[in-house]
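Engineer: Chains as they are written, first to last, in this note's numbering: chain A, 2 to 273; chain B, 2 to 273. Using N, Cα and C, we set each Cβ at its ideal position, and we do this for glycine too.
Number of protein chains: 2
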Amino acid sequence: MDSEFDRDTAVTLREPGVYDAELSAGWTIIQAVNGGYLLALLGRALGEALPHPDPFTISAHYLTPSVPGPAVIRTETVRAGRTLSTGQASLFQYAEDGTEVERIRVLASYGDLDALPDDVRTTAKPPAIPPREHCLGPSDGPAPIPGSSAITERLDIKLDPTTLGWAVGAPSGKGEMRGWFGLADGREPDPLSLLLTVDALPPTSFELGLTGWTPTVELTTHIRCRPAPGPLRVSITTRNLAGGFLEEDAEVWDSADRLVAQSRQLARAPRG
Amino acid sequence: MDSEFDRDTAVTLREPGVYDAELSAGWTIIQAVNGGYLLALLGRALGEALPHPDPFTISAHYLTPSVPGPAVIRTETVRAGRTLSTGQASLFQYAEDGTEVERIRVLASYGDLDALPDDVRTTAKPPAIPPREHCLGPSDGPAPIPGSSAITERLDIKLDPTTLGWAVGAPSGKGEMRGWFGLADGREPDPLSLLLTVDALPPTSFELGLTGWTPTVELTTHIRCRPAPGPLRVSITTRNLAGGFLEEDAEVWDSADRLVAQSRQLARAPRG
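#1: Measuring only the C-alpha atoms, how far is B:T153 from B:D258?
#2: Identify whether A:T153 lies in helix, strand or coil by the three-state DSSP scheme.
#3: Residues of the region 202–226 of chain B with a CB closer than 8 Å to any CB of chain A: list them in chain order, please.
#4: Do B:A46 and B:Y20 have their CB atoms nearer than 8 Å?
#5: Residues of the region 250–268 of chain A in Cβ contact with chain B at a cutoff of 7 Å, in chain order, please.
#6: A:V79 touches chain B at which residues, Cβ-Cβ below 9 Å?
#7: Do A:I158 and A:L196 have their C-beta atoms closer together than 8 Å?
#8: Under 7 Å, CB to CB, which of the residues in the region 105–132 of chain A have a partner in chain E?
#9: Report yes if the C-beta distance between A:V107 and B:L64 is below 8 Å; otherwise report no.
#10: Per DSSP, what are the beta-bridge partners of B:Y95 in this structure?
#11: At a CB distance below 8 Å, what residues from the region 169–187 of chain B approach chain A? Give them in sequence order.
#12: A:S140 by DSSP, collapsed to three states: which one?
#13: Is there a Cβ of chain A sitting closer than 8 Å to that of B:F6, yes or no?
#14: At which residues does the alpha helix (DSSP H) containing B:S1 begin and terminate?
#15: Take B:R155 as the anchor and find which of B:E97, B:D55, B:E208, B:Y38 has the nearest alpha-carbon.
#16: Please state whether the Cβ-Cβ distance between A:T215 and A:P127 is less than 8 Å.
#17: Could you give the distance in angstroms between the alpha-carbon of A:L117 and the alpha-carbon of A:P192?
#18: I'd like the span of the beta strand (DSSP E) that includes B:D250, first residue to last.
#19: Would you check if the distance between the CB atom of B:R274 and the CB atom of B:Q94 is smaller than 8 Å?
#20: From which residue to which residue does the alpha helix (DSSP H) around A:S194 run?
#21: Check this for me: beta carbons of B:D55 and B:G112, under 8 Å apart or not?
#22: Quick one: what does DSSP say B:T164 is sitting in, helix, strand or coil?
#23: Looking only at DSSP bridge pairs, what is A:I224 linked to?
#24: Using beta carbons (cut-off 8 Å, strictly below), is B:G245 in contact with chain A?
#25: Got a sec: is the Cβ-Cβ distance from B:T87 to anything in chain A below 8 Å?
#26: What three-state label does DSSP hand B:A49 in the structure shown?
#27: Can the beta-carbon of B:S4 be found less than 8 Å from the beta-carbon of B:R188?
#28: Take the Cβ of A:E16 as the centre, count every other Cβ of all protein chains shown within 10 Å, and call the residue buried at 16 or more, exposed below.
#29: Near B:F246, which residues of its chain fall below 8 Å by C-beta distance, leaving aside the five closest residues on each side in sequence?
#30: If you measure between the beta carbons of B:T222 and B:I59, is that distance less than 8 Å?
#31: So is B:V253 buried or exposed if we call it buried at 16+ other beta carbons inside 10 Å?
#32: From the DSSP output, which residues share a beta bridge with A:R269?
#33: Determine the direct distance from the alpha carbon of A:L160 to that of A:G166, and round the result to whole angstroms.
#34: Go ahead and label A:G213 buried or exposed: buried means 16 or more other beta carbons lie within 10 angstroms of its beta carbon, across all protein chains shown.
#35: For A:R83, which of A:A61, A:A171, A:A33, A:H53 has the nearest alpha-carbon?
#36: Thinking just about the alpha-carbon of each residue, which of B:G231, B:A151, B:Q263, B:D186 is nearest to the one in B:A26?
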């Protein structure tokens, strides 16, 4: 528990199925609490409430913007099966009069990644990302994430220069964002931190020439394998920007060349 | 209401937010009720319960196998916003002693597809599927769907011959399934029928040389555009079969070459 991520996603049992939490200001982008960090908090609470430890698939619908400060997570065991359990969880914060305001609701099916057979028959290939030393982070020049964002200090992200055109005023026009991902304090990846990883890179809309906010409506993540220690590679793709919405498909690969997470989100496109 | 699909997905208000339904035996594969048909039923109930008409993103977790017969759908309005509403719904059936058994639970965000702007900036291209007259359906030779399946009579599916190797004992080894989709009685597509379309083709696992059941754990569908009248093209891809699970990514294109739906499901891989 000496990592920032574990400390800031800790939950405290209040009563069966109900957990108190504190949303840290350390995981904000501009003023918004990062959606992946929130998902990891909900994922941790469900892992404690359900009979199985690992999120296999978790679908989150984002309702109202979260702010740093106290929160409560209410979970429900929907079904407890032999190899999979399904649960629901909501994260609430408090209005000035003390009433609970729901921020996010998730449905998830949990299992035990360590109990899965070793078979892998995949045609997916790791993304073509240059070696880490040829990729760029906030300390390598003009800050690639605009504004003051506490989260950048907690992440060790190095972006593929071919997806960084937006940072120098020359977006590629392609809906792609790729890079290396780690936690700044060296905490190794696990299924919970993968829930952060899938929503931690700058939005693909930057490379489409759009600036401004890209709020997530819904984000579903499949955790397919316990990640090996070491840096992760993340590739995000948007193929369809239409009608004011876009999808972001993320893949996360571990140091052993395993596809460890797949996610898709529906987000509102920025107006810019 | 003279289409089989509309008749068989009808819901009747029992009390506010609660709808009675009858699962038709006409949408079964072997003995199982098709998951896309069930999703369309839940989608219809939520469209009646929420202030917005169209599913923008709907995430379904499948809990227990549904059977033809009576069901009840219980909905909850989670949040009603200006442009989006979020709702939850569960479909229950009845045990012998009359208690309700939950079959599926969904979380969904609804909006109004007709209120979206016309902007389209997409790099997605329609799938390369031969003309419909060069594709093959159940009446064109050896039945491509094994076993007796009532649903095949209600669908007008013509599969790309390059994804039909499995039907003649020579699966391609690629996790791909493509074809033309329509309803057999000519009922035109709409957002609700798209929820059926994304889960209506044979599983990609057949082309991976695996026979047997591929039960859905979770299925999330984004409806991106109201489909134009006419036949739909569906392309399904599996890239990662590992640890006994696989994902199926589906795209649905309409006759106007618009990407109208994107879905992804996590399913258990067959053992065969």
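Structural biologist: Looking at the coordinates:
#1: Locating residue 153 of chain B in the second sequence gives position 152, where the first residue counts as 1. Locating residue 258 of chain B in the second sequence gives position 257, where the first residue counts as 1. Going by the C-alpha atoms only, they are around 25 Å apart.
#2: Within the first sequence, residue 153 of chain A is the residue found at index 152, counting from 1. Residue state, collapsed to three classes: helix.
#3: L209, V218, E219, T221, H223, R225, C226
#4: If you number the second sequence from 1, residue 46 of chain B lands on position 45. If you number the second sequence from 1, residue 20 of chain B lands on position 19. Yes, they are a contact pair.
#5: L260, Q263, R265, L267
#6: Taking the first sequence and counting its residues from 1, the one referred to as residue 79 of chain A is at position 78. Residues of chain B passing the Cβ test: H62, L64, S91, E103, R106.
#7: Counted from its first residue, the first sequence places residue 158 of chain A at position 157. Counted from its first residue, the first sequence places residue 196 of chain A at position 195. For A:I158 and A:L196, no; Cβs fall outside 8 Å.
#8: Going by chain labels, chain E is absent from the structure shown, which instead holds the protein chains A and B.
#9: By 1-based counting over the first sequence, the position of residue 107 of chain A is 106. By 1-based counting over the second sequence, the position of residue 64 of chain B is 63. No, Cβ-Cβ distance for A:V107 and B:L64 is not below 8 Å.
#10: Here residue 95 of chain B corresponds to residue number 94 of the second sequence, with the count starting at 1. Note: B:Y95 sits in a beta bridge opposite B:E101.
#11: K175, G176
#12: Taking the first residue of the first sequence as position 1, residue 140 of chain A is located at position 139. The answer is helix: DSSP assigns A:S140 an H, G or I state.
#13: As a working mapping, residue 6 of chain B is identified with position 5 in the second sequence. Judged by the 8 Å Cβ criterion, B:F6 is not in contact with chain A.
#14: Nothing about residue 1 of chain B can be reported from this structure: the residues present for chain B run from 2 to 273 only.
#15: As a working note, residue 155 of chain B is residue 154 in the second sequence. Measuring from the Cα of B:R155, the nearest candidate turns out to be B:Y38.
#16: On the first sequence, position 214 is the one that residue 215 of chain A refers to. On the first sequence, position 126 is the one that residue 127 of chain A refers to. No, the pair does not count as a contact, with Cβ atoms beyond the cut-off.
#17: For the purposes of this step, residue 117 of chain A is taken as the residue at position 116 of the first sequence. For the purposes of this step, residue 192 of chain A is taken as the residue at position 191 of the first sequence. Cα to Cα, A:L117 sits roughly 14 Å from A:P192.
#18: Position 249 of the second sequence, counted from the first residue, corresponds to residue 250 of chain B. Segment 246–254, the beta strand (DSSP E) holding B:D250.
#19: For residue 274 of chain B there is no data in the structure shown, the boundaries of chain B being 2 and 273.
#20: In the first sequence, the residue the question calls residue 194 of chain A occupies position 193. From DSSP, the alpha helix (DSSP H) with A:S194 extends over 192–198.
#21: Looking up residue 55 of chain B in the second sequence gives position 54. Looking up residue 112 of chain B in the second sequence gives position 111. Yes, they are a contact pair.
#22: For the purposes of this step, residue 164 of chain B is identified with residue 163 of the second sequence, where counting begins at 1. In the structure shown, B:T164 sits in a helix (DSSP, three-state: H, G or I).
#23: Along the first sequence, one-based indexing puts residue 224 of chain A at 223. According to DSSP, A:I224 bridges with A:A262.
#24: One-based indexing of the second sequence puts residue 245 of chain B at position 244. True, the Cβ-Cβ gap to chain A drops below 8 Å.
#25: On the second sequence, position 86 is the one that residue 87 of chain B refers to. It does; some Cβ of chain A falls within 8 Å.
#26: Translated into the one-based positions of the second sequence, residue 49 of chain B becomes position 48. Looking at the sequence provided, one finds Glu at residue 49 of chain B rather than Ala. If DSSP states are grouped into helix, strand and coil, B:E49 belongs with the helices.
#27: For the purposes of this step, residue 4 of chain B is taken as residue 3 along the second sequence, with counting starting at 1. For the purposes of this step, residue 188 of chain B is taken as residue 187 along the second sequence, with counting starting at 1. Result yes, Cβ atoms of B:S4 and B:R188 sit closer than 8 Å.
#28: Mapped onto the first sequence, residue 16 of chain A falls at position 15. Exposed is the call here.
#29: Translated into the one-based positions of the second sequence, residue 246 of chain B becomes position 245. The answer, listed in chain order, is V218, L267, A268, R269, A270.
#30: Locating residue 222 of chain B in the second sequence gives position 221, where the first residue counts as 1. Locating residue 59 of chain B in the second sequence gives position 58, where the first residue counts as 1. The answer is yes: Cβ separation under 8 Å.
#31: Here residue 253 of chain B refers to the residue found at position 252 when the second sequence is read from its first residue. Buried is the call here.
#32: Numbered from 1 along the first sequence, position 268 holds the residue referred to as residue 269 of chain A. A:F246.
#33: On the first sequence, residue 166 of chain A is found 165 positions in, with the first residue counted as 1. On the first sequence, residue 160 of chain A is found 159 positions in, with the first residue counted as 1. Using only the alpha carbons, I get a separation of about 11 Å.
#34: Residue 213 of chain A sits at position 212 when you count from the first residue of the first sequence. Answer is exposed; the Cβ neighbour count stays below 16.
#35: On the first sequence, position 82 is the one that residue 83 of chain A refers to. Measuring from the Cα of A:R83, the nearest candidate turns out to be A:H53.
#36: Within the second sequence, numbered from 1, the residue matching residue 26 of chain B stands at position 25. The shortest C-alpha separation from B:A26 is found at B:A151.
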